[in-house]
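Trainee: In the working numbering, the protein residues as written are 2 to 217.
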Ligand code: CA
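Below, the structure is given as structure tokens:
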């Protein structure tokens, strides 16, 4: 969906019936005449993506009975790059927010907000405004306001090198070859980096590396 365009078809992926009905209603109020297809599971959503008209907008819950909505977002962004994917979740923590954004989510809405606010945020999509709940927008801003120099100083120069390589998607084996050290040693550095940065995945380490200016 391009900017300044009203979605005519939407997909709602949500396993809780109350929440699903709430989202369908919000979509109908936001975009009168919109056709909404609802799915309860990832499997159902994948089937609908093939059988129903292509949605311009997808509202996706993260905790689904057969997996994570994040996988669905990644799939939609790959197969239907024009479709705007918006997370609708009760989770506002970094472990849900950042991987979802990394997968390609273009918005993140929390379920605990009033219907009018939800409608306003949804309507903003047709004017090119990314739908973000205020708490999420604050969290994103806060992430960049966190004190990176402390973290930067915590890493040794070698750890910083390793981090900048793995953050670019280079494998530990390749990094070992590039640095002229063993893969085993690189593994040790990675463990230490994760511990110092208090992260548990390459994606989070990459985000922190970006924040530190190690990669662009
Ligand atoms: Ca759920």
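Note that the Cβ used here is the ideal one computed from N, Cα and C, for glycine as well. For clarity, every value in this text was computed on a predicted model and none was experimentally measured.
Beta carbon of residue 99, beta carbon of residue 208: below 8 angstroms?
Mentor: Contact: yes.
Trainee: Beta-carbon within less than 7 angstroms of residue 106's beta-carbon, same chain only, minus the 5 sequence neighbours each way: which residues are those?
Mentor: 74, 86, 87, 88
Trainee: DSSP on residue 200, reduced to helix/strand/coil?
Mentor: coil
Trainee: Taking only runs of the alpha helix (DSSP H) that begin and end inside the region 163–215, which ones reach a length of at least 4 residues, in chain order?
Mentor: 173–180, 184–198, 203–212
Trainee: How long is the line joining the alpha carbons of residue 220 and residue 63, rounded to whole angstroms?
Mentor: An answer regarding residue 220 cannot be provided, because it is not within the stretch 2 to 217 covered by the chain.
Trainee: Indicate, with yes or no, if ligand 1 has a heavy atom lying under 7 angstroms from the CB of residue 17.
Mentor: yes
Trainee: Quick one: what's residue 61 bridged to in DSSP?
Mentor: 14, 88
Trainee: Less than 8 angstroms between the CB atoms is what I'm expecting for residue 15 and residue 21, so what's the real figure, rounded?
Mentor: 4 angstroms
Trainee: Taking residue 12 as the reference, which of 55, 164, 32, 162 has the closest Cα?
Mentor: Ranking the options by Cα distance to residue 12, first place goes to 55.
Trainee: What is the residue span of the beta strand (DSSP E) that residue 36 lies within?
Mentor: 36–40
Trainee: By Cβ distance below 7 angstroms, which residues in the same chain neighbour residue 71 in space, the five residues on each side in sequence not counted?
Mentor: 63, 100, 101, 104
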